[in-house]
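K.L.:
To start, I am sharing the structure in question, which I have written as structure tokens.
Protein chains: 2
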Amino acid sequence: MNLNTLRTLSVVAEIGSFVDAAQRLNMTLSAVSMQMKTLETLLDADLFDRGFRPPQLTPLGRRVARHARTVLAAYDDLVGLCQSPDTIKGDFRIGFVPTSSVRLLPGFLVRVRARFPDAHFRIETGLSDDLLARLKAGTLDIAVVTGGDDVPRTMRTYPVSHEALVFCLPPHAADWSIEDCMARISFIHFMPHTGIGRLIAQQLDRMAATPSDVIVLDRVDAVAECVRAGVGFSILPEPDIRRFATDTIILRPMTPEPVTRDLVLACVAGSRLDAHARLLAQAFAPATEIATDA
Amino acid sequence: MNLNTLRTLSVVAEIGSFVDAAQRLNMTLSAVSMQMKTLETLLDADLFDRGFRPPQLTPLGRRVARHARTVLAAYDDLVGLCQSPDTIKGDFRIGFVPTSSVRLLPGFLVRVRARFPDAHFRIETGLSDDLLARLKAGTLDIAVVTGGDDVPRTMRTYPVSHEALVFCLPPHAADWSIEDCMARISFIHFMPHTGIGRLIAQQLDRMAATPSDVIVLDRVDAVAECVRAGVGFSILPEPDIRRFATDTIILRPMTPEPVTRDLVLACVAGSRLDAHARLLAQAFAPATEIATDA
DNA sequence: CAATCTTATTCGATTGATGTGAAGAAAGAA
DNA sequence: TTCTTTCTTCACATCAATCGAATAAGATTG
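Structure below.
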């Protein structure tokens, strides 16, 4: 009759390991193990196949885990019934795409703490696709992701920031045209399979320009260092690159017209934060303001 | 995060008093009070108006109580997922109409205990209408009620017993016709607003006979004693009247043709006992067999 | 408007459930 | 095999829930 075991099961099912689930839940491994054993006894069912070392969910276990999320969602709804719509209380899980977690997160936390002292957020980082999948699965309440076509219709989105994409050139290429860069140095591509990476790839397509060489990196700071070191040039959101060595990296607006990357707060329609998402979105100041803070 | 408080709230909302809810739940009054207080603190909401002395649910409290049943139902479903369809385990609430609780209940309990040792039933007695309302509200899992038009379509029913209605005449009226009885002695009517009472009323209508005088009683044993004492005559299901003084009461089949009262096991389609209801119905032996046992 | 009844709240004591940390067992990798 | 990782088990500590008794507060009655 205790929902904690169901929440644990849900996380274990999502993560696929007792240790990692324990870490996520701030409990010891033994507590997770005991909860799962208790649950199996209570339901008189084999939820896990202990023949494997991360114990594997049985088919029944998977069904129960899925159903557990239904129960938890119903419970969360009940809690939501009691909350007035202009304040936010409770424990929530919020996801951030990596770049936003660096720039937007601190300001968000400061404002949210001031405005909603009774709301607590567990922050998790992931790529847009990952976060969206977890929103859908119910293991995340709300997330900041790259807006665009990739966000399903079933989700409500609220704009959080608009950021211009810019060319980032190494100092020695200060006078080069973009075509020169394409021909003479590498293009440093921020992960093409991410929300922002896809946006960058679109720009490359649009310019109908094929870089002579492409280097893929998974961190903005790594990209910045490579550009500064003269390894190549890149395209990145302006606020992101500004955080690194602005003076030693040449920034140029996108041609022929500016291109923006939009970060949005996404939330499953009807989920427990649905009614509050707009309020939360206000806790993100305009992107430029935050950028100059940094 | 504990469903017990929700279950308590649900019962309190149904019954409308902490004392009675405590009794039903086998807890002390103080435990109920504490749970409700804890729940109010947890949800940070006023569920009850303590200005009255059975505390009254606030509108929000009513909504929460209703939603609590949704959560509990989802949880019960989850438990149901793990139960194999040909066995029954768990704690259930079963309702009996008063007459059936006397005759059918003992046999039912004996058979159920033998066949489903891990199933436990809380037995509650009530009139058909009451039991049906509680099935719908989710505070009862299954119930034995008088079958007929009164059972809503949303419920599945399984026949439990067919019982002939009979005229019950006092010894001194042994040679009288029914018309004589109508004219000369009172008709003792078992509660007309109950399932079986309505059936009896229909018979009176069908015979187009208006009794000279009607006495309404709410207990079969009281009816039997009155008939035996010569106060009047009556119509009752045969097995019920047979339990009392068969030798001193004259039984006569209904004219022109026999009429039966059907007891059915009713269960809300899709509820957690839905899949097992047929099995449970088998735990009721044919009515005649039980009647001769008594 | 007492006096009384009924019902809910509060409080200290007890019990039971749940979590922790360390030691042991079991699966998977080297 | 041997080592590493991961889960299980156990004794112990901690916290939450319940009980019974005393108290308080709304309802009822004369």
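Just so you know, the sequences run in chain order R and W.
Taking this note's numbering, I'd label the letters of the first sequence as residues 2 to 295.
Taking this note's numbering, I'd label the letters of the second sequence as residues 2 to 295.
All C-beta atoms in this analysis are idealised placements derived from N, C-alpha and C, irrespective of residue type, glycine included.
Computed from a predicted model, the values in this text were never measured in an experiment.
1) Does the pairing of the segment 45-65 of chain R with the segment 235-254 of chain R give three or more beta-carbon distances under 8 Å?
2) I'd like the list of long-range same chain contacts for residue 8 (chain R), defined as Cβ closer than 7 Å, with 5 residues on each side in sequence excluded.
3) Determine which residues of the segment 60-73 of chain W have a Cβ less than 7 Å from any Cβ of chain R, and write them out in chain order.
4) Could you give the C-beta distance for residue 140 (chain R) and residue 97 (chain R), rounded to a whole number, given that I count them as a contact under 8 Å?
5) With DSSP collapsed to three states, give me the class of residue 285 (chain R).
6) Pull up the DSSP beta-bridge partners for residue 126 (chain R), would you.
7) Under 8 Å by Cβ, that's how I've got residue 70 (chain W) and residue 11 (chain W) pegged, so tell me the actual separation to the nearest angstrom.
8) Return the CA-CA distance between residue 116 (chain R) and residue 262 (chain R), expressed in angstroms with no decimal places.
9) Kindly list the residues whose CB is nearer than 7 Å to the CB of residue 295 (chain W), restricted to its own chain and excluding five residues on each side of it in sequence; keep chain order.
10) Specify whether the segment 148-157 of chain R and the segment 266-284 of chain R touch according to this definition: at least 3 beta carbon pairs, one from each stretch, less than 8 Å apart.
11) Hey, which unbroken runs of the beta strand (DSSP E) at 3 residues or more fall wholly within the segment 159-230 of chain W?
12) Comparing C-alpha positions only, which one of R:29, R:110, R:131 sits nearest to residue 124 (chain R)?
13) Round the Cβ separation of residue 93 (chain R) and residue 131 (chain R) to the nearest angstrom and send it over; I've been treating them as touching at under 8 Å.
14) Answer yes if the segment 82-89 of chain R comes into contact with the segment 81-89 of chain W, meaning at least three C-beta pairs across the two stretches below 8 Å, and no otherwise.
15) With DSSP as the reference, identify every bridge partner of residue 57 (chain R), one or two as the case may be.
16) Using the rule of at least 16 other Cβ atoms within 10 Å of the residue's Cβ for burial, across every protein chain shown, is residue 119 (chain R) buried or exposed?
17) What did DSSP end up calling residue 303 (chain W) once you bin it into helix, strand or coil?
18) Would you say residue 78 (chain R) faces chain W, with C-beta separation under 8 Å as the test?
19) Does the count of Cβ pairs from the segment 17-37 of chain R and the segment 18-36 of chain W closer than 8 Å reach three?
20) For residue 207 (chain R), count the other beta carbons within 10 Å of its own beta carbon; 16 or more makes it buried, fewer makes it exposed. Which is it?
21) Pop quiz: residue 224 (chain R) and residue 251 (chain R) are said to be a contact at Cβ under 8 Å. What is the actual Cβ separation, rounded to whole angstroms?
22) Looking at C-alpha atoms only, which residue of R:78, R:19, R:30 is the closest neighbour of residue 58 (chain R)?
23) Whole angstroms are fine: how far does the CA of residue 79 (chain W) sit from the CA of residue 66 (chain W)?
24) For chain W, check one thing: does any of its Cβ atoms lie closer than 8 Å to the Cβ of residue 183 (chain R)?
25) Could you check how far apart the C-beta atoms of residue 212 (chain R) and residue 178 (chain R) are, in whole angstroms? I think they sit under 8 Å.
26) Apply the 10 Å Cβ neighbour rule to residue 256 (chain R) and answer buried if 16 or more other Cβ atoms are within range, or exposed otherwise.
27) Measuring only the C-alpha atoms, how far is residue 166 (chain R) from residue 254 (chain R)?
28) When DSSP labels each residue in this structure, what does residue 294 (chain W) get in the three-state scheme?
29) Just how far apart, CA to CA, sit residue 56 (chain W) and residue 13 (chain W)?
30) List, in chain order, every chain W residue whose beta-carbon is nearer than 7 Å to that of residue 45 (chain R).
31) Beta strand (DSSP E) containing residue 154 (chain R): first to last residue?
32) Sort R:108, R:16, R:135, R:145 by Cα distance to residue 278 (chain R) and report the nearest one.
33) Return the bridge partner residues of residue 238 (chain R) from the DSSP annotation.
34) Determine whether the beta carbon atoms of residue 182 (chain W) and residue 200 (chain W) lie at a separation below 8 Å.
35) Under 8 Å Cβ to Cβ from residue 149 (chain W), same chain only, skipping five residues before and after it: list those, please.
36) Would you tell me roughly how many angstroms separate the C-alpha atoms of residue 292 (chain W) and residue 168 (chain W), rounded to the nearest one?
P.N.:
Looking at the atomic coordinates:
1) Taking one beta carbon from each stretch, the segment 45-65 of chain R and the segment 235-254 of chain R have fewer than 3 pairs nearer than 8 Å; the two do not touch.
2) Once the five neighbours on either side are set aside, the close Cβ partners of residue 8 (chain R) are 73.
3) 61, 64, 65, 68, 69, 71, 72
4) For residue 140 (chain R) against residue 97 (chain R), the beta-carbon gap comes to about 15 Å, at or over 8 Å, which does not count as contact.
5) For residue 285 (chain R), the secondary structure class from DSSP, reduced to helix, strand or coil, is coil.
6) Bridge partners of residue 126 (chain R): R:97.
7) 5 Å
8) 28 Å
9) Residue placement at residue 295 (chain W) is flagged as unreliable, the pLDDT there being 31, under the threshold of 50; a coordinate-derived value is accordingly withheld.
10) yes
11) Complete beta strand (DSSP E) runs here, min 3: 187-191, 215-218.
12) R:110
13) Not a contact, Cβ separation roughly 18 Å.
14) no
15) Residue pairing by DSSP places residue 57 (chain R) opposite R:50 in a beta bridge.
16) exposed
17) With chain W represented from 2 up to 295, any question about residue 303 (chain W) goes unanswered, as that position is not in the structure.
18) yes
19) no
20) exposed
21) 14 Å between Cβ atoms; not a contact.
22) Checking every option, the nearest Cα to that of residue 58 (chain R) belongs to R:19.
23) 20 Å
24) no
25) That pair is no contact at about 14 Å.
26) So residue 256 (chain R) ends up on the exposed side.
27) 7 Å
28) Bear in mind that a pLDDT of 37 at residue 294 (chain W), under 50, signals an unreliable position, so the number given afterwards is only what the model happens to contain. Residue state, collapsed to three classes: helix.
29) 10 Å
30) 83, 90
31) Segment: none, residue 154 (chain R) is in no beta strand (DSSP E) and carries neither H nor E.
32) R:145
33) According to DSSP, which records beta bridges pairwise, residue 238 (chain R) is partnered with R:166.
34) Not a contact, by the Cβ cut-off of 8 Å.
35) These residues qualify, in order along the chain: 196, 199, 200, 263.
36) Residue placement at residue 292 (chain W) cannot be trusted, given a pLDDT of 39 that sits under 50; the coordinates are not used to answer.
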